[in-house]
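Please read the structure below before turning to the comments.
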Amino acid sequence: MPQKHCEKTIAVNFLFGGFAGSIAKTVIAPLDRAKIIFQTSLKPYSFHALSQVLKETYQKDGFRSLWRGNTATITRIFPYAATQYSAHEKYKHLLRIDSLDEISKLPRSSVRIRRFLAGAMAGATSVAATYPFDFARARMAVTHKQKYRNLVHVLTQVMREEGISKIYQYRLQQMRKRSPPDTQVKLDALSSLFCGALAGVIGQTITYPLDIVRRRMQTGHVTGHPEYDGLWRTVKLVLRHEGVIKGLYKGVSLNWIKGPIASGISFTIFNQLQTLRCYFL
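Residue numbers (our numbering): -2 to 278.
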């Protein structure tokens, strides 16, 4: 692949991936904030409790408060999704699995391993680049404006009061979770929606306990639970006080709703933009 064409492709994928991820996250932002509230508290989860949290948030702080932290989400998700998709394409090119001609020359087992490596490396790259935004989003989701006014205020306050190491302290747990899907196969919009939704449900369910632990550790300082200061200590505390299903998997059913919606929207928009690119770019 000529260098000029390769750079153009990466730039376009960066833009398309970021746009698709941003739209998807904005659609589910109220559910995402509610999920973080449940994940970081001892409050039992149910769909009735979910409706109550959304209702109370609206009544107390207004309609826009349902999207509190969405700016931090978009600030994170645009470069995250863009880096994920574009890095995935770049790693596939480096591993020589970015075209049918290259793939046909390799053993099937080698192709599978290379695809896994491309996904894993792209996931690690995107997490490393955007983790501070994820940290800030969690803090904003469980606090009011009196505590943190905006994204910049979160990061400056945390660095001043807790140190920059606090932000990156548990980045490894986040990196273990991420591996983007292979985008080599071109699907129609309906198939793309289904595959994106299914991949989202399976992947997020498997890694959900890590998400619970990560959120507890990110927000313990502002929710009155400083005891969540280590991976295994947090796991033990959650199991002791809440158990497996009501603790480590609390709110997972909400992921089964918002996960497919977000993944489906993101996959569909990205694939459709890729199709349009063939005609206009």
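Glycine included, every Cβ here is placed at the ideal spot set by N, Cα and C.
Integer Cβ distance of residue i from residue j, believed to fall under 8 Å
i	j	result
residue 255	residue 42	In fact, because the Cβ distance is near 14 Å, the residues do not count as touching under 8 Å.
residue 137	residue 145	6 Å
residue 148	residue 72	6 Å
residue 280	residue 205	With the chain running from -2 to 278 in the structure shown, residue 280 is simply not present.
residue 207	residue 28	The pair is not a contact, with the Cβ atoms about 20 Å apart (cut-off 8 Å).
residue 112	residue 94	6 Å
residue 74	residue 258	No, residue 74 and residue 258 are not in contact; Cβ-Cβ is about 14 Å, not under 8 Å.
residue 210	residue 241	Actually they do not touch by this definition, with Cβ atoms about 13 Å apart.
residue 212	residue 33	6 Å
Cβ neighbour criterion (16 or more within 10 Å) applied to residue i
i	result
residue 40	exposed
residue 80	buried
residue 153	exposed
residue 125	exposed
residue 284	Residue 284 lies beyond the stretch modelled for the chain, which goes from -2 to 278, so this question has no answer here.
residue 182	At residue 182 the pLDDT is 47, less than 50, meaning the model places this residue with poor confidence and gives no usable figure here.
residue 86	buried
residue 160	exposed
residue 143	exposed
residue 52	exposed
residue 44	exposed
residue 223	exposed
residue 49	exposed
residue 199	exposed
residue 97	exposed
residue 47	buried
residue 37	buried
Three-state class that DSSP yields for residue i in the structure shown
i	result
residue 103	coil
residue 92	coil
residue 248	coil
residue 238	helix
residue 59	coil
residue 37	coil
residue 232	helix
residue 263	helix
residue 140	coil
residue 160	coil
residue 25	coil
residue 208	helix
residue 15	helix
residue 150	helix
residue 98	helix
residue 302	This structure leaves residue 302 out entirely; the chain is present only between -2 and 278.
residue 131	helix
residue 111	helix
residue 65	coil
residue 223	coil
residue 145	coil
So, do the stretch 260 to 278 and the stretch 9 to 23 have three or more beta carbon pairs nearer to each other than 8 Å?
-> yes
Does the stretch 90 to 109 come close enough to the stretch 126 to 134 to have 3 or more Cβ pairs within less than 8 Å?
-> no
Any 3 or more C-beta pairs closer than 8 Å across the stretch 111 to 121 and the stretch 58 to 65 | no
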